[in-house]
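Residue numbers (the working numbering), protein chains in the order written: chain A, 3 to 256; chain B, 3 to 256.
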DNA sequence: CGGATACTTGAGGGTTGTCAAAATATGTGG
DNA sequence: CCACATATTTTGACAACCCTCAAGTATCCG
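Written out as C-alpha cells, the structure is:
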C-alpha cells in the first residue's frame, strides 16, 4: 500500500531476480520522496555529485553529453522502472547529464539507503548491479549500431529496442504501437546522424511500409520485417522471460 | 606469497576503494587457477555461458561482436588488472566475444567464489561493481567518439585513453610511450572506420607531429596537443588519484 | 626463407553532413 | 478558443568525409 507507483521498478527487478515479499516492502519504503519534472528539463548535470539515485516512475528521460564543440551525444532513453543513474551510487561525479523527454515523476533513493539495502540484502544489490550491466550491454549495442550499421538500420534498430523495452514494462500490448516522444534531432544525436538525414531515412522506412510515425506515436506495421531490417537480435537485452515466439525474427547466435 | 601476479588487479581495485590486508589476501587466494593464451585467440564467445570471471594478468585483450552481415565492432581494449568479463557473474549468456591481442595470462575466479566474496565483503563487491560502472562510462565515451567525433579526433582520443589506462597500471612511465599491439584494421573496427581511412588519418597525425607509431609502439610527442585534438577530458575514467597537472590540458566541465 | 598478415596508395563513388529556407505542428497566454 | 511565438519537420542544393575495390609493398613469424 505504500507508494504504489514504485511498482514498475519492482516489476523490473523481478525480471532479473525473484524478490521476497520482505524485499519488495523494503524497496517500496526506501523511495518515499518523489519529484516531478516538466518536459525538456535537466534532472542531473555533468559534473554534479548527486546524493540520491533516481528511479523513473512515469515518463521518459535520456542521458547525454555535450562535447567541447557543442555536439551532443545521447547515450540512452529510459522508461518507467529504470533506475537510470544507479552509477551515481558508486561514482562520485556525473560524467554526463540526464534530461526529461516528457513530464516525469521520479523517486529518490538516498545513497546511504542504497548502501544499507545492498549490504543487508545482497540479492537486491545483485539485482541492481545486474541492471547496470544490462545498461552497459545496451551501450555496446548502440556502439555497434553507430559504428557499423547504416542510418536505415540504426533507426530500425532503436525502434525495435524501444518496442521491446516498453513491452517489458507493459507499455506496448502487442509489438505494434508505442509512445514516441523523441524528436528527429534527438534521434540523430542518439544515432550519430544529422536531423536532416534522420528525416530522409524515416521517409524511407515509411515508404517501405514498415512504420508510421506521427503525433508522437510509432506504429510498426511489420514487426518481423523491422527486426530483419535492423539486424535486431534481442539477446543483449538479457530479458528473463524471453519466451520463444515472443520476438519473432530473433536468430540464435550463429 | 600466493600467486603474486594478481597484483595488477588489487592495485586497480585500490584505486577505486581502499582494501584491508584481509581483503587483499582473500582476493589473492580466490584466483589460483590461471590460463595462458596465444595472440589472436578467442577467450570467450558470444552465446557461451561462462562459469568463471576472467582477470587479465598479462597482455591485452579486446571485446567485440560480429553482426549478421559480417561487420565487426570492437567495444573495448583491456590492460592487465582489468576484470573484463565481470558481467558474466550476473548475466548468464555472453552477448559478445573476447579475444587476445597479444599472448595473455588470465586468472579465473569461479562465479560461486564471486558470490561468496561479494556477500561476505560488500566493500569488494562494490569495488568490482564500480569497476563495471567505469567500464560502462568508457562505452559511453566511445559512443560519443563514434557518433560525434571526426576520424582524426577519434584516433587521437583512443590514444589518449590507452595512454592514461596504461599509465594507471604502471605501463607508461610518462605520458609518452606505450605498447600498441592494435592493428589498423582493429582500430577501424573499434572506431567505426575502414582500415584504409584509419591508415590515412594516422598519416595526418604523424604529419602534424603529434605521434610516431611504429613497431607496435606508440610515441606521443605532444601530449597536451594530442588531448586538445581529441577533445579528451578524462573525467569519464573516474580515476581516483586524478591529481592536478597529471593530465595537462584537461578542462573542467564548462 | 616463404607464406600470411599488415600497411600503403590510388581512383572513384556513395552515404551522410551542412546550410538555408519553407511548411507544418505545438504550446502558451490572453 | 484563438493567435502568435516557438519548435519541429520537410525540402533542395551542394560538399565533404569516408567507404569500397584493387593492387602493390612491407613486415612478421614459424
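We put the beta carbon where it would ideally sit given N, CA and C, even for glycine.
Treat the numbers as computed from the prediction; the structure is a model and nothing was measured.
Cβ neighbour criterion (16 or more within 10 Å) applied to residue i
| i | result |
| --- | --- |
| residue 219/B | exposed |
| residue 217/B | exposed |
| residue 94/B | exposed |
| residue 221/A | exposed |
| residue 197/B | exposed |
| residue 35/A | exposed |
| residue 205/B | exposed |
| residue 188/A | buried |
| residue 22/A | exposed |
| residue 209/B | exposed |
| residue 37/B | exposed |
| residue 47/A | exposed |
| residue 43/B | exposed |
| residue 177/B | buried |
| residue 143/A | buried |
| residue 78/A | buried |
| residue 245/B | Caution applies to residue 245/B, whose pLDDT of 47 falls short of 50 and renders its modelled position unreliable; the value that the coordinates give is listed next. Exposed, since its Cβ has fewer than 16 Cβ neighbours within 10 Å. |
| residue 236/B | buried |
| residue 99/B | buried |
| residue 30/B | buried |
| residue 118/A | exposed |
Beta-ladder partner(s) of residue i, from DSSP
| i | result |
| --- | --- |
| residue 42/A | Beta-bridge pairing links residue 42/A to no other residue. |
| residue 219/B | 181/B, 216/B |
| residue 86/A | For residue 86/A, which the question treats as bridged, DSSP gives no partner whatsoever. |
| residue 112/B | 54/B |
| residue 101/B | 44/B, 64/B |
| residue 148/B | Bridge partners of residue 148/B: none, in fact. |
| residue 106/B | 39/B |
| residue 80/B | 63/B |
| residue 186/A | Answer is none; residue 186/A lacks a bridge partner. |
| residue 75/B | 67/B |
Close-in-space but distant-in-sequence residues of the same chain around residue i (CB under 6 Å, 5 per side omitted)
| i | result |
| --- | --- |
| residue 41/A | 102, 104, 105 |
| residue 136/A | 240 |
| residue 207/B | 213 |
| residue 157/A | 203 |
| residue 194/A | 148 |
| residue 14/A | 83 |
| residue 26/B | 12 |
| residue 127/B | 120 |
| residue 1/A | Here chain A covers residues 3 to 256 and nothing more, so residue 1/A does not appear. |
Spatial neighbours of residue i in its chain, beta-carbon cut-off 7 Å, leaving aside the 5 residues before and after
| i | result |
| --- | --- |
| residue 139/B | 238, 240 |
| residue 162/A | 228, 229, 232, 234 |
| residue 111/A | 32, 33, 54, 55, 57 |
| residue 175/B | none |
| residue 201/B | 186 |
| residue 51/A | 94, 95 |
| residue 9/B | none |
| residue 97/B | 48 |
| residue 182/A | 215, 218, 219, 220 |
| residue 259/A | Residue 259/A is absent from the structure shown; chain A starts at 3 and stops at 256. |
Whole-angstrom C-beta distance between residue j and residue i, which should lie under 8 Å
| i | j | result |
| --- | --- | --- |
| residue 55/B | residue 91/B | 5 Å |
| residue 85/B | residue 57/B | 5 Å |
| residue 173/B | residue 180/B | 7 Å |
Same chain, Cβ closer than 8 Å to residue i, five either side skipped, listed in chain order
| i | result |
| --- | --- |
| residue 17/B | 170, 241, 242, 243 |
| residue 74/B | 66, 67, 68, 191 |
| residue 224/B | 211, 212 |
beta-carbon residue i near the ligand ATP non-hydrogen atom, thresh 6 Å
| i | result |
| --- | --- |
| residue 161/B | By its list of ligands, the structure shown contains no ligand whatsoever, and the ligand ATP lies outside what it can speak to. |
Worksheet item: Between the region 80–92 of chain A and chain B, which residues of the former have a C-beta closer than 7 Å to a C-beta of the latter?
Response: 89, 92
Practice prompt. Output, in sequence order along the chain, the residues in the region 122–140 of chain B whose CB is closer than 8 Å to any CB in chain A.
Written response: 124, 127, 128, 131, 132, 134, 135, 136, 137, 138, 139
Discussion item. Along the region 147–164 of chain A, where does the CB come closer than 8 Å to a CB of chain B? Name the residues.
Written reply: 148, 149, 150, 151
Discussion item. Closer than 7 Å between beta carbons: that is the criterion. Which residues of the region 17–48 of chain B meet it against chain A?
Written reply: 48
Discussion item. Using a Cβ-Cβ cutoff of 9 Å, what residues of the region 189–208 of chain B are near chain A? List them in chain order.
Written reply: 191, 192, 193, 194, 195
Item to complete: Anything in the region 97–118 of chain A with a Cβ closer than 9 Å to a Cβ of chain B? List those residues in chain order, please.
Response: 97, 98, 117
Fill in: Residues of the region 166–189 of chain B with Cβ closer than 8 Å to any Cβ of chain A, in chain order
none
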